[in-house]
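Colleague:
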Amino acid sequence: MSNPLKGVSAIPYQTSRPQHVFTDRSTQRLNNDSFERESPQPDFEHLLCFAHLRWNFVYQRPQHLLSRAARQCKVWYVEEPIWQDKLYLEIRSVAENLFVVVPHLPNDIDEQMACQLQRQLLNELIEQQQITNFISWYYTPMALPFTDHLHPTLVVYDCMDELSAFLGASSQLIEQEQRLLKRADLVFTGGYSLYEAKQKLHPNVYAFPSCIDYDHFAQARSSLAGAGFDDPIDQVAIQGPRIGYSGVVDERLDIALLTKLAQQQPEWQFIFLGPIVKIDPSTLPTGSNLHFLGMKNYKELPAYLSHWQVAMMPFAINEATRFISPTKTPEYLAAGLPVVSTPIQDVVRTYGGWDRVVIADSVSAFQQGIELALKKPLGSDEVALDQFLRKQSWDQTWRHMRRIVSEQVVSIGL
1 MSNPLKGVSA IPYQTSRPQH VFTDRSTQRL NNDSFERESP QPDFEHLLCF AHLRWNFVYQ
61 RPQHLLSRAA RQCKVWYVEE PIWQDKLYLE IRSVAENLFV VVPHLPNDID EQMACQLQRQ
121 LLNELIEQQQ ITNFISWYYT PMALPFTDHL HPTLVVYDCM DELSAFLGAS SQLIEQEQRL
181 LKRADLVFTG GYSLYEAKQK LHPNVYAFPS CIDYDHFAQA RSSLAGAGFD DPIDQVAIQG
241 PRIGYSGVVD ERLDIALLTK LAQQQPEWQF IFLGPIVKID PSTLPTGSNL HFLGMKNYKE
301 LPAYLSHWQV AMMPFAINEA TRFISPTKTP EYLAAGLPVV STPIQDVVRT YGGWDRVVIA
361 DSVSAFQQGI ELALKKPLGS DEVALDQFLR KQSWDQTWRH MRRIVSEQVV SIGL
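Taken in order, the sequence shown gives residues 1 to 414; the numbers are from full-length UniProt numbering.
1. With distances taken between CB atoms, is the gap from TRP76 to GLN63 smaller than 8 Å?
2. Where does MET312 land, buried or exposed, given buried means 16+ other C-beta within 10 angstroms?
3. Using C-beta distances below 7 Å, list every residue in its chain close to LEU389, excluding the 5 sequence neighbours before and after it, in chain order.
4. For residue 421, does the count of other Cβ atoms within 10 angstroms reach 16, so buried, or fall short, so exposed?
5. Flag this pair as yes or no: are the beta carbons of TRP308 and ILE271 separated by less than 8 Å?
6. Using the rule of at least 16 other Cβ atoms within 10 Å of the residue's Cβ for burial, across every protein chain shown, is VAL383 buried or exposed?
7. Is the stretch 362 to 375 close to the stretch 108 to 126, with three or more CB pairs under 8 Å?
8. Grouping DSSP H, G and I as helix and E and B as strand, with all else coil, what is SER411?
9. Pick from TYR245, GLN176, ASP280: whose alpha carbon is nearest that of PHE146?
10. Identify which residue in TYR138, VAL78, LYS296, LEU253 has its Cα closest to the Cα of ASP280.
11. Quick one: Cα of VAL347 to Cα of PRO326, how far?
12. Can you tell which of SER380, PHE57, LEU273 has its C-alpha closest to the C-alpha of TYR245?
13. Say whether the stretch 318 to 325 touches the stretch 189 to 200, bearing in mind that this needs 3 or more beta-carbon pairs closer than 8 Å, one atom from each stretch.
14. At a Cβ threshold of 8 Å, is LEU48 touching chain C?
15. Report yes or no: do the stretch 86 to 93 and the stretch 101 to 109 share at least 3 C-beta pairs separated by less than 8 Å?
16. Please return the same chain residues whose Cβ sits closer than 7 Å to the Cβ of ILE404, not counting the five positions on each side in sequence.
17. Out of ALA51, GLU300, ALA303, which one is the CA nearest neighbour of GLU79?
18. Which residue from PRO152, TYR59, TRP83, CYS49 puts its Cα closest to that of TRP394?
19. Just mark SER380 as buried or exposed, buried being the case when its beta carbon has 16 or more other beta carbons within 10 Å.
20. Between VAL155, ASP148, MET142, THR153, which lies nearest to GLU162 when the distance is taken from Cα to Cα?
21. From the DSSP output, in three-state form, read off ASP386 for me.
In structure tokens, the structure reads:
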């Protein structure tokens, strides 16, 4: 497959497309037809998840995986605490077998007391709901101080990001992750770069990079073809070529790149869907062709994407982005959009070889990539790309994870 920007400062990329699971042992398991059979029911009735993300925040990896886990067991999604005047545990049902649990802690207590109270509330939950046969599933190591007394059937660490590299990360995060890695029976990673960072730290590490709900995002193609979704009301008045980004707006975006692109191409309209977090909104570039529309419901995304011409991933290249594997890459592609991205390692190695993806390492290369994408050249690999995307489903990923969990339960004799 050819990269139309070779020679105009686009980045060379690896064209291989790795399998989901990256170790020799794991790849053999994945290629074995046993993975194609329905996995046995897991030997646990409950899944206790400890997360750093709110369930109602941007819909991403935890929601995709745990909504599927709830088809086989009860899932308790424990969020970080909310600080207010009184102590109680909020439990709300968001789907069948799926419960969001939010500790409410009083203000003006120290870290030790906060840990003690969270442990108390968790113990009450386990007793009241009769949670006796469960696995612990961690997205954040910072939950370990109030959960390390538990005796789960299995401990799983689903490492979706290198959280210690993010703005505002706790100074204790690295230490707590080291403790979690010692306790975990299995470690899953949200990308290949993360796998490479964790594989020497644990004997059972498996890579499960960004996946997709293909049919959901493929709905956008009907509007791209001239039928389907109406243009959303807050986007309909934006006239001109639309270059869009869907996701969290934070320190990982290359603000200098966006500023220069908007200044140099005033007729292009840059649209951002997602919450602004951890950064001062006043630091974002401004201009009549920059549109920050806020967070959208997951169900609404195809309607927005269907009226874009190009999707972009203008990430800065820094420690905060070194290990990311953006879910939006396959989502954009399933929506039928060409993608222009800075050279994020997991994007380059998994998607850089497709004709519809341009990797650019400078303002000029990014601009030329968008110009090329606006011409909508059809790649010779469109059919193969769609086949590849369909195989990257969250259903398949959860099925593979579930089998690994079940095998691990058997292997430790529980």
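Positions of the beta carbon are idealized from the N, C-alpha and C atoms, including for glycine.
The structure displayed is predicted, hence computed values, not measured ones.
Modeller: Let me spell this out:
1. no
2. buried
3. ILE212, TYR214, PRO330, LEU333, ALA334
4. The structure shown has nothing for residue 421, since the chain only spans 1 to 414.
5. yes
6. exposed
7. no
8. helix
9. GLN176
10. LEU253
11. 7 Å
12. LEU273
13. yes
14. In the structure shown, chain C does not exist; there is a single protein chain.
15. yes
16. LEU186, TYR206
17. ALA51
18. TYR59
19. exposed
20. MET142
21. helix
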